[in-house]
Amino acid sequence: MKFYKAKKVVIIAEKILSSKICEIIESNGARGYTVVPAGGKGAHNMHYTSERASVVDDFSNVRIEVIVKNKSIAESIGSQVVENCFENYSGIVYLEDVEILRPDKFNGG
Amino acid sequence: MKFYKAKKVVIIAEKILSSKICEIIESNGARGYTVVPAGGKGAHNMHYTSERASVVDDFSNVRIEVIVKNKSIAESIGSQVVENCFENYSGIVYLEDVEILRPDKFNGG
Amino acid sequence: MKFYKAKKVVIIAEKILSSKICEIIESNGARGYTVVPAGGKGAHNMHYTSERASVVDDFSNVRIEVIVKNKSIAESIGSQVVENCFENYSGIVYLEDVEILRPDKFNGG
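Chain order of the listed sequences is A, B and C.
Using the numbering used here, you'd call the opening residue of the first sequence number 1466 and step up by one each time.
Using the numbering used here, you'd call the opening residue of the second sequence number 1466 and step up by one each time.
Using the numbering used here, you'd call the opening residue of the third sequence number 1466 and step up by one each time.
What follows is the structure, encoded as C-alpha cells:
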C-alpha cells in the first residue's frame, strides 16, 4: 500500500470549546477528527494551580486531532481556532507532517 | 544522551478492534504500544451523528501508537491494519517521524 | 497567521511518575504541558500480561506532551526524564518536529 504526505492539526483546548472547534474543522472540509480527554497545566490550558497531582487526574480539556491533505487547509483550521476560540480561553494549536494510507478518506482538497 | 530516528505508527479505530490491532503490532516484532481512549467523528470512526456534544463525550474508540526503528516495519503494520481491520469498520492509520532515546527498548529490526 | 518550527517531547510513563516528570518539564522552562490517560504493553510500560483486553481498558499510565521552541531544551527534558525516572520504572520518551502559532505562549529560550 502507498503512503501519502498530509498534515495533522492538533488542538488542545478546554472541553467547553469542543463544539466550536469541531465546527471550524468541518467548515474547512475535513472529513473527520479524533478527540481524546486531556489535562495539563500552564499556557496550554486554564490550570494555573501548582498542585501537580490534581492536574494529572483532571481531564477537563480535550486534545483534538484532524488530518487534512493540504498544508493550506491545516493552516486555515489552526489560524481560525486561535482567532475564534482562544481570545478568552487558553489553548494551543500545532501542525505536524504525517503520512497516510487511503487519501480518499480525508478532505478532498 | 543520543537521539535516534524512528517511525511512529498511529492507529485510530473502534475499541472492538484493539485486540486484533495489537496482535498485528506484536507479530511485526514491535516491543510495546500505547493505547489512549478516543472519540471523534467522520471517516475516522463510526460516529456519523451530527450531535457534536455526544461525539466529544463518547470515548468508544482507541488511539494506539507504536514506535519502531524501521520504516518498512511501520509501513507493514499500517498496511496490515488497513487490510485486516478496516474493511467493515472505520478507522485511520498514519505514520510520523520521531526521535527516540535508548533504541534497544524498541523493535530489533 | 505565521507558523514557527518547534519541538514536541512526548513521555509515556506510569502515572506515579507524573509529578516528577512535570517537575523536570517546569525546571527546563517549559510554560505548559498536556496529560492524557494511557495504557499499553511492553517496554512502554509495566504491563507484561498477555491479556490484551485488560491492557486496552486499563489506563494507569500517562502520555505527557510538551512543546518547546528549542531542540536543546527538548533534548534536555527527554534525557533528564530517562535518567531520573526510568531506572526502576518502564517508559519511553520521543521527540517530534511541530509548527506552532503564537510562539510567545511557549518557553522563552
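All C-beta atoms, glycine included, are put in the ideal place defined by N, C-alpha and C.
Predicted, not measured: the structure shown is a model, and the values here were computed from it.
### Task
Check whether the Cβ of Leu1560 of chain B lies closer than 8 Å to any Cβ atom in chain A.
Taking the second sequence and counting its residues from 1, one reaches residue 1560 of chain B at position 95. With 8 Å as the cut-off, Leu1560 of chain B counts as an interface residue toward chain A.
### Task
With a threshold of 16 other CB atoms inside 10 Å of the CB of Tyr1554 of chain A, please say whether the residue is buried or exposed.
Taking the first sequence and counting its residues from 1, one reaches residue 1554 of chain A at position 89. Label assigned to Tyr1554 of chain A: exposed.
### Query
Between which two residues does the alpha helix (DSSP H) harbouring Asn1549 of chain B extend?
For the purposes of this step, residue 1549 of chain B is taken as the residue at position 84 of the second sequence. It spans 1536-1550 - the alpha helix (DSSP H) in which Asn1549 of chain B sits, taken as one unbroken run.
### Task
Have a look at A:Val1563, A:Gly1556, A:Leu1566 and flag the residue whose alpha-carbon is nearest the alpha-carbon of Leu1566 of chain C.
Reading the third sequence from its first residue, position 101 is the one you call residue 1566 of chain C. Nearest option by C-alpha distance: A:Gly1556.
### Query
Ile1489 of chain C lies in the alpha helix (DSSP H); which residues open and close that run?
Counting from one through the third sequence, the residue named residue 1489 of chain C turns up at place 24. It spans 1483-1492 - the alpha helix (DSSP H) in which Ile1489 of chain C sits, taken as one unbroken run.
### Message
Residues of the stretch 1522-1542 of chain C in Cβ contact with chain A at a cutoff of 7 Å, in chain order, please.
### Response
Val1527, Ile1532
### Message
According to DSSP, is Asp1562 of chain C part of a helix, a strand, or is it coil?
### Response
For the purposes of this step, residue 1562 of chain C is taken as residue 97 along the third sequence, with counting starting at 1. It is a strand residue.
### Query
Would the beta-carbon of Ile1542 of chain A fall within 8 Å of that of Ile1477 of chain A?
Mapped onto the first sequence, residue 1542 of chain A falls at position 77. Mapped onto the first sequence, residue 1477 of chain A falls at position 12. Not a contact, by the Cβ cut-off of 8 Å.
### Task
Please say whether Asn1572 of chain B and Ile1529 of chain B have beta carbons closer to each other than 8 Å?
On the second sequence, position 64 is the one that residue 1529 of chain B refers to. On the second sequence, position 107 is the one that residue 1572 of chain B refers to. Contact: no.
#### Entry: Chain-order list of residues whose beta-carbon lies under 7 Å from that of Tyr1498 of chain A (same chain, five-residue window excluded)
Here residue 1498 of chain A is taken as the residue at index 33 of the first sequence, counted from 1. The beta carbon of Tyr1498 of chain A is closer than 7 Å to those of Cys1487, Ile1490, Ile1529, Glu1530, Val1531 in its chain, skipping five residues each way along the sequence.
### Query
Under the three-state reduction of DSSP, which class applies to Lys1480 of chain C: helix, strand or coil?
If you number the third sequence from 1, residue 1480 of chain C lands on position 15. Per DSSP, reduced to three states, the secondary structure at Lys1480 of chain C is helical.
### Query
DSSP beta-bridge partners for Tyr1469 of chain A?
As a first step, residue 1469 of chain A must be located in the first sequence, where it is residue number 4. Partner(s): A:Ile1565.
### Task
With a threshold of 16 other CB atoms inside 10 Å of the CB of Lys1570 of chain B, please say whether the residue is buried or exposed.
Taking the first residue of the second sequence as position 1, residue 1570 of chain B is located at position 105. The residue is buried, with at least 16 neighbouring Cβ atoms inside 10 Å.
### Message
Can you find the residues in the same chain that come closer than 7 Å, C-beta to C-beta, to Val1546 of chain B, ignoring five residues on each side of it along the sequence?
### Response
Taking the second sequence and counting its residues from 1, one reaches residue 1546 of chain B at position 81. Only Ile1476, Ile1486, Ile1489, Val1558 meet the Cβ criterion.
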